[in-house]
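Asks: For reference, the structure I am asking about is given below.
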Amino acid sequence: MKAIIIGAGIGGMSAAAALDQQGIECEIYEAVKEMKPVGAAISVWSNGVKCMNHLGMGQIMDDLGGPMHHMAYLEGFSGEQMTQFSLAPLVEEVGERPCPVSRADLQSRMIDWWGRHKVQFGKRLESVSQNEQGVIATFADGSSAQGDFMIAADGAHSIARDYLMGHKVERRYAGYVNWNGLVEIDESIAPAEQWTMFVADGKRVSVMPIADNRFYFFFDVPLEKGLPQDRSTVIKDLKGYFEGWAEPVQRLIDAINPDTTNRIEIHDVDPFSPLVKGRVALLGDAGHSTTPDIGQGGGAALEDAVVLGRCFAASCDIEGALRCYNDARLERVKDLVLKARKRCEVTHGVNPDETNAWYDELRNENGTGILSGLSKTILGGPLG
Ligand code: FAD
Numbered sequence: 290m291k292a293i294i295i296g297a298g299i300g301g302m303s304a305a306a307a308l309d310q311q312g313i314e315c316e317i318y319e320a321v322k323e324m325k326p327v328g329a330a331i332s333v334w335s336n337g338v339k340c341m342n343h344l345g346m347g348q349i350m351d352d353l354g355g356p357m358h359h360m361a362y363l364e365g366f367s368g369e370q371m372t373q374f375s376l377a378p379l380v381e382e383v384g385e386r387p388c389p390v391s392r393a394d395l396q397s398r399m400i401d402w403w404g405r406h407k408v409q410f411g412k413r414l415e416s417v418s419q420n421e422q423g424v425i426a427t428f429a430d431g432s433s434a435q436g437d438f439m440i441a442a443d444g445a446h447s448i449a450r451d452y453l454m455g456h457k458v459e460r461r462y463a464g465y466v467n468w469n470g471l472v473e474i475d476e477s478i479a480p481a482e483q484w485t486m487f488v489a490d491g492k493r494v495s496v497m498p499i500a501d502n503r504f505y506f507f508f509d510v511p512l513e514k515g516l517p518q519d520r521s522t523v524i525k526d527l528k529g530y531f532e533g534w535a536e537p538v539q540r541l542i543d544a545i546n547p548d549t550t551n552r553i554e555i556h557d558v559d560p561f562s563p564l565v566k567g568r569v570a571l572l573g574d575a576g577h578s579t580t581p582d583i584g585q586g587g588g589a590a591l592e593d594a595v596v597l598g599r600c601f602a603a604s605c606d607i608e609g610a611l612r613c614y615n616d617a618r619l620e621r622v623k624d625l626v627l628k629a630r631k632r633c634e635v636t637h638g639v640n641p642d643e644t645n646a647w648y649d650e651l652r653n654e655n656g657t658g659i660l661s662g663l664s665k666t667i668l669g670g671p672l673g
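Residue numbers for the sequence shown follow our numbering, so the first one is 290 and each next one is one higher.
Following this line, the structure appears as structure tokens:
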């Protein structure tokens, strides 16, 4: 049995690992010639780490995961601490730690784990066709590939999703712009082993420790879509958006390198169904593109892969196994997308009263409420 996998992101690589565990041959086709992931780092929460362990790639998490042991919110202008607590009770409850990792390193290690020479780069899927025997993927360079089924992990702009839905799926602008990158850890900005967030006016500044003494930083600013972007003005722009904010925020802005700072207009896609049509299944962002507000997009892709593997372990009938995957994933991914959307709105001041109420809640938070929300999300994954 042979699977055609489209995309060598977290989704495609984890799907290959899961299918390989079931003895299914996989061919991976990736559009770009060289991987340049969008975003500097991601936090793989414990549910995602459990999936990486299950898929045999736990060592990658051990090597790359940053020492994130505490979490804190600070008021953006004054720098006053609103809440600070240990993540240890969460790790104990869910049985695994979260791993903030460099995205480029994660991507690269997953590809190396599979075998870089076995991934076909420069193959951009252009169209899909299928019959009762199998699927045909046609690429932009005119070549094609044939397999018994296709796992389309071609990301948020998925071509395969349009094929499944029968029309072009529009992404929804979430109303804010995110700048992100990496800087060397500086404890005058925030403690080295803590995920620290400064919040005010529906804006957010975050630093999170990843391996090799680096902070993954991001700045969120509610803005209209389509504003001009220019690397040469990144520092000036951020200084303007965060004028009057606390000293550590100013220090962070001074420390960033505009040439390696990403600027992303954040989008998601309304949850839809099904995720499968005959012998073609969507996996990862292709099937459930979410805002990053609960940090679960990558984790959800890893969960998809684990469930996909389980469905093939239970059935050799391809269409039956893909239906099983669809049924097992639909509610979970819809829930994650909508949860992230709700959090996005509260965090980014869509309704200022709601956002101010959240700031008040943070001042009265001892960690229990936040940890219980995180734990519920994590334990809702396929590996508990
Ligand atoms: P992608 O990573 O987008 O990979 C898709 C791959 O398919 C790419 O390599 C692409 O080149 C390739 N491709 C695209 N089109 C084609 C085609 N036509 N033919 C062939 N190949 C194609 N998630 C978390 O879990 N935690 C976080 O903290 C987190 N933070 C985030 C912060 C930001 C700012 C953003 C934007 C996202 C964040 N996410 C986070 C989400 C996470 O990045 C995604 O959910 C995850 O990368 C999805 O993986 P994927 O493989 O489905 O898609």
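Ideal Cβ placement from N, Cα and C applies to all residues, glycine included. Since this is a predicted model, take the numbers as computed values, not measurements.
Taking Cβ positions, are residue 601 and residue 308 nearer each other than 8 Å?
Replies: Judged by beta-carbon spacing, residue 308 lies within the 8 Å limit of residue 601, meaning their Cβ atoms are closer than that value.
Asks: Between the stretch 406-417 and the stretch 315-326, are three or more C-beta pairs nearer than 8 Å?
Replies: yes
Asks: Candidates 524, 672, 653: which alpha carbon is nearest residue 374's?
Replies: 653
Asks: Any heavy atom of the ligand FAD closer than 7 Å to the beta-carbon of residue 606?
Replies: no
Asks: Is residue 323 buried or exposed, if buried means 16 or more other CB atoms sit within 10 Å of its CB?
Replies: exposed
Asks: Evaluate residue 548 with the Cβ neighbour count: other Cβ atoms within 10 Å of its Cβ, from every protein chain shown; 16 or more gives buried, anything less gives exposed.
Replies: exposed
Asks: Between the stretch 331-350 and the stretch 384-397, do three or more beta carbon pairs fall short of 8 Å?
Replies: yes
Asks: So, helix, strand or coil for residue 369, using DSSP?
Replies: coil
Asks: Kindly list the residues whose CB is nearer than 7 Å to the CB of residue 582, restricted to its own chain and excluding five residues on each side of it in sequence; keep chain order.
Replies: 629, 632, 633, 636
Asks: Quick one: grab the DSSP three-state call for residue 572.
Replies: coil
Asks: Can you tell me which of 559, 535, 528 puts its alpha carbon nearest to the alpha carbon of residue 462?
Replies: 559
Asks: Which of helix, strand or coil does DSSP assign to residue 605?
Replies: DSSP places residue 605 in the coil class of the three-state scheme, outside both helix and strand.
Asks: Do residue 466 and residue 552 come within 8 Å of each other at the CB atom, strictly closer than that value?
Replies: Result yes, Cβ atoms of residue 552 and residue 466 sit closer than 8 Å.
Asks: So, using beta-carbon positions, are residue 495 and residue 537 closer together than 8 Å?
Replies: no
Asks: Tell me whether the beta-carbon of residue 609 lies closer than 8 Å to the beta-carbon of residue 490.
Replies: no
Asks: On the DSSP bridge assignment, give the partners of residue 506 in chain order.
Replies: According to DSSP, residue 506 bridges with 470, 496.
Asks: With a threshold of 7 Å, establish whether the CB of residue 585 neighbours any heavy atom of the ligand FAD.
Replies: yes
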